[in-house]
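J.:
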Amino acid sequence: MPPMPYLTRPVLPAGTLSRTPQPTIPTGDGLLLRPWRAEDAPAVHAAFQDPVMHQWHIRAADSEEEVRGWIAEWRQAWQRERDVQWAVADAADDRLLGRVALRQVLLGDGVAEVA
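Following my numbering, the residues of the sequence shown are numbered contiguously, the last one being 115.
The following block contains the structure:
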């Protein structure tokens, strides 16, 4: 059976993300959402050594090298238009504070899961 045709145009056409670099977004309240960098790996690895993190996250970070691999995956996800991961940083000194993501992005429908 052929797929049902769409009656509306895509909210965002394919290629909307992949044809541009991932932006850095100032939030206006002292935070900055920016693409992840390989040099963020030590801070991410350190955060994953906190036992409290294990209550809320299903992954473990055994090494900074492993985390650099995650960061490479996060950056590639923008190009694949599947997930968008931002580092949350202090706008004044670029200190890494956390992460925010849009997962399971469906550009045509204009929806994603916030993580």
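From the three backbone atoms N, C-alpha and C, an ideal C-beta is built for every residue, glycine too. Small disclaimer: the values here were computed from a predicted structure and weren't measured.
Relative to the C-alpha of L32, which residue among W78, Q85, G108 and I58 is closest?
T.: Working through the sequence shown from its first residue, we reach residue 32 at position 32. Considering only alpha carbons, the answer is Q85.
J.: Can you find the residues in the same chain that come closer than 6 Å, C-beta to C-beta, to G108, ignoring five residues on each side of it along the sequence?
T.: Locating residue 108 in the sequence shown gives position 108, counting from the first residue. Same-chain partners within the cutoff: P10.
J.: Does the region 48-62 touch the region 94-110, meaning 3 or more C-beta pairs lie closer than 8 Å?
T.: Touching, no, given that fewer than three Cβ pairs across the two stretches are closer than 8 Å.
J.: Rounded to a whole number of angstroms, what is the C-alpha to C-alpha distance between A77 and P42?
T.: Translated into positions along the sequence shown, residue 77 becomes position 77. Translated into positions along the sequence shown, residue 42 becomes position 42. Going by the C-alpha atoms only, they are around 21 Å apart.
J.: For A72 and Q79, what's the separation of their Cα atoms in angstroms?
T.: Working through the sequence shown from its first residue, we reach residue 72 at position 72. Working through the sequence shown from its first residue, we reach residue 79 at position 79. In a straight line, the C-alpha of A72 is about 11 Å away from that of Q79.
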